[in-house]
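K.L.:
Mind having a look at this structure? Questions to follow.
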Amino acid sequence: MFVALLIVLIWGTNFIAIFVALKSYPPFLLSAIRFGLSALPWVFILPKPKAPFRFVLGYGIFNFALQFGFLFSGIHLGLSPGLASLLLQVSVFFSMGLAFLFFKEKPSFLKVVGSLISFVGIGIVAAHIDGQATLIGLVLTLLAAFAWSAGNMFTKKVNAQSPLALVVWGNLIAFPIMVVASMTMEGPALMEHSLQNTSWATVAAVFYIVYISTHIGYGAWGFLLKSYSASAVVPFTLLIPVIGFLSSAIFLGEDLLWWKILASLFIMGGLVFGLLEGEVRRLFKISTSKKKEKYLPVDGG
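Per full-length UniProt numbering: the sequence shown = residues 1 to 301.
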């Protein structure tokens, strides 16, 4: 739980760094810089993951190239960092569905109920989005959420000696894809102009995105996914928008409106409901057993 909450804190504040970096770099160029710095020179140090190349390729394409290409573009085209952090959590539902289809990890009834409670929070955002985001920004962020979910499935297929090695090699795969995308869609002239006008704030933002969010965040995330089921790990990401909203309000002055707070409460409530599944089942079992056995010991006592 400590590792999961640390990842939530890192990824929740990462949206601030993305917003700052996008002031200087277009989205595909920023993605290429992120992937290049995340991969090099680490690929010469860390071992290649032991898995068929198609799994590593799928991991790099979905978890990095597609997810961040869509996410950076969505924020660049009008979606605020706080809302982006919230809408990206639709990946929870995608991940549970894909885990059931490919790994037969059937989520429990209480986890489904917890997810539905959280989905109410996402519905509140959709109902109040109004002029705070463009439709294209919303659609691109939802596509990023699906890409992240698909990438999680490849994470479970790859037998990496270390989660960090998988992250590094995944970034190496995404790097040339984003370089080509930036040169084709943004153009060499814009790329050169952006690099020549890099500020210290942008350098700090890129450092956070690469070494804190990518190396530490995704390395720890890969460890959790390899150690526990997707339905147990993925719901922690529902806390990311809470950190995203608060950090956006503090550092960027994003309005913390009542409906954002309400949506966050539903999302947190759904997460807590799912996490307390074991306690709920245990208490229910104890209460029913007491009818049959008067002196039933509790917790081995």
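Glycine included, C-beta positions come from ideal geometry on N, C-alpha and C.
Please go through the same chain and pick out, in chain order, the residues whose beta-carbon is closer than 7 Å to the beta-carbon of V20, but skip the five residues on each side of it.
P.N.:
So the list reads A201, T202 and A205, once near-sequence residues are dropped.
K.L.:
Distance check for F103 and L190, CA to CA, integer angstroms please.
P.N.:
Approximately 44 Å, taken between the alpha carbons.
K.L.:
If you reduce the DSSP assignment to three classes, tell me which class K290 lands in.
P.N.:
Unreliable placement is indicated for K290, whose pLDDT of 43 sits below 50; the coordinate value is still reported in the next sentence. It is coil, neither helix nor strand.
K.L.:
DSSP on K226, reduced to helix/strand/coil?
P.N.:
DSSP places K226 in helix when its eight states are reduced to three.
K.L.:
Report all residues from its chain with a CB closer than 7 Å to the CB of K106; omit the five preceding and five following residues, and keep chain order.
P.N.:
Contacts found: F100.
K.L.:
So which of L98, F72 and I173 has the shortest CA-CA distance to G36?
P.N.:
Ranking the options by Cα distance to G36, first place goes to I173.
K.L.:
Roughly how many angstroms separate the alpha carbons of T155 and G170, rounded to a whole number?
P.N.:
Their backbone Cα atoms lie some 10 Å apart in a straight line.
K.L.:
Could you say which of S162, Y208 and L9 lies nearest to L46 if we only look at CA atoms?
P.N.:
For the residues S162, Y208 and L9, the minimum Cα distance to L46 belongs to S162.
K.L.:
Tell me which residue opens and which closes the alpha helix (DSSP H) that K111 is part of.
P.N.:
F109 to H128 is the extent of the alpha helix (DSSP H) around K111.
K.L.:
Ignore the nearest five residues each way along the sequence and tell me which others in G58's own chain have a CB closer than 6 Å to its CB.
P.N.:
Same-chain partners within the cutoff: F154.
K.L.:
Classify L238 as buried or exposed, calling it buried when 16 or more other Cβ atoms lie within 10 Å of its own Cβ.
P.N.:
Under this definition L238 is a buried residue.
K.L.:
Would you mind giving the Cβ-Cβ distance between G74 and L140, rounded to the nearest angstrom? I have them listed as a contact below 8 Å.
P.N.:
Right, their Cβ atoms sit about 4 Å apart.
K.L.:
Please tell me whether E186 and L29 are closer than 8 Å, where the distance is taken between their beta carbons.
P.N.:
Yes.
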